[in-house]
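**Q**
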């Protein structure tokens with residue numbers, strides 16, 4: 614058995630120090646690095662990045678909101694991805710998405726108040742033969758129906774209590 618060591622995420626200040634003298638061309642890589650370390654882009658970090666690069670906060674925010682890779686809220690303990698690709702759409706993923714929204718009481722891109730779940734809609738998970746598909750922290754669920762959504766979410770709620 615090997616021991617795993619958890620490292621403390623780099624602070625925004627530490628990341629910006631690594632990019633001393635950077636110009637606006639470094640904006641996206643800096644935002645990516647911050648999100649990789651912090652899990653999302655906070656309002657404060659957007660302001661700090663703008664100050665570091667000499668860009669208005671509105672410009673930094675505009676770039677970050679243009680690309681769907683950036684998040685502005687921390688992910689939940691269980692991150693639910695709902696596939697809305699063509700195969701999933703044809704097989705009923707719109708109804709699955711509605712059931713998840715009702716079960717979690719969040720919209721895509723949001724995290725539940727208790728921080729347990731976050732949800733996002735993705736263009737394609739790449740499991741078209743199993744449609745409709747959702748993923749929770751990388752675990753795939755195939756042939757999902759609106760009826761099965763509540764059971765899947767309840768199973769993760771139970772896991773959270775057991776830990």
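In our numbering, the protein residues as written are 614 to 776.
Ideal Cβ placement from N, Cα and C applies to all residues, glycine included.
These numbers come from a predicted model, not from an experiment.
Label residue 630 either buried or exposed according to how many other C-beta atoms from any shown protein chain fall within 10 Å of its C-beta, with 16 as the threshold for buried.
**A** exposed
**Q** Cα-Cα, which of 685, 734, 689, 663 is closest to residue 707?
**A** Ranking 685, 734, 689, 663 by CA distance to the CA of residue 707 puts 734 first.
**Q** Between the alpha carbons of residue 770 and residue 647, how many angstroms are there, rounded?
**A** 29 Å
**Q** Would you call the CB atoms of residue 716 and residue 763 closer than 8 Å?
**A** yes
**Q** Mind listing, in chain order, the continuous alpha helix (DSSP H) runs of no fewer than 4 residues lying wholly within the region 701-763?
**A** 706-717
**Q** Decide if residue 704 is buried, meaning its Cβ has at least 16 other Cβ atoms within 10 Å, or exposed.
**A** buried
**Q** If you follow the alpha helix (DSSP H) that residue 645 is in, where does it begin and where does it stop?
**A** 640-651
**Q** For residue 614, count neighbouring C-beta atoms within 10 Å of its own C-beta (all shown protein chains included) and say buried if the count is 16 or more, exposed if not.
**A** Per-residue confidence for residue 614 stands at a pLDDT of 49, beneath the threshold of 50, marking its modelled position as unreliable; the derived number appears in the next sentence. Counting Cβ neighbours within 10 Å, residue 614 comes out exposed, since fewer than 16 surround it.
**Q** Compute the beta-carbon to beta-carbon distance between residue 680 and residue 659, rounded to the nearest angstrom, for a pair I have assumed lies under 8 Å.
**A** Between residue 659 and residue 680 the Cβ distance is about 13 Å, and since that is not below 8 Å, they are no contact.
**Q** Can you tell me which of the three DSSP states residue 665 falls into?
**A** helix
**Q** Could you check how far apart the C-beta atoms of residue 749 and residue 709 are, in whole angstroms? I think they sit under 8 Å.
**A** Beta-carbon to beta-carbon, residue 749 and residue 709 are separated by about 13 Å, too far to satisfy the 8 Å threshold.
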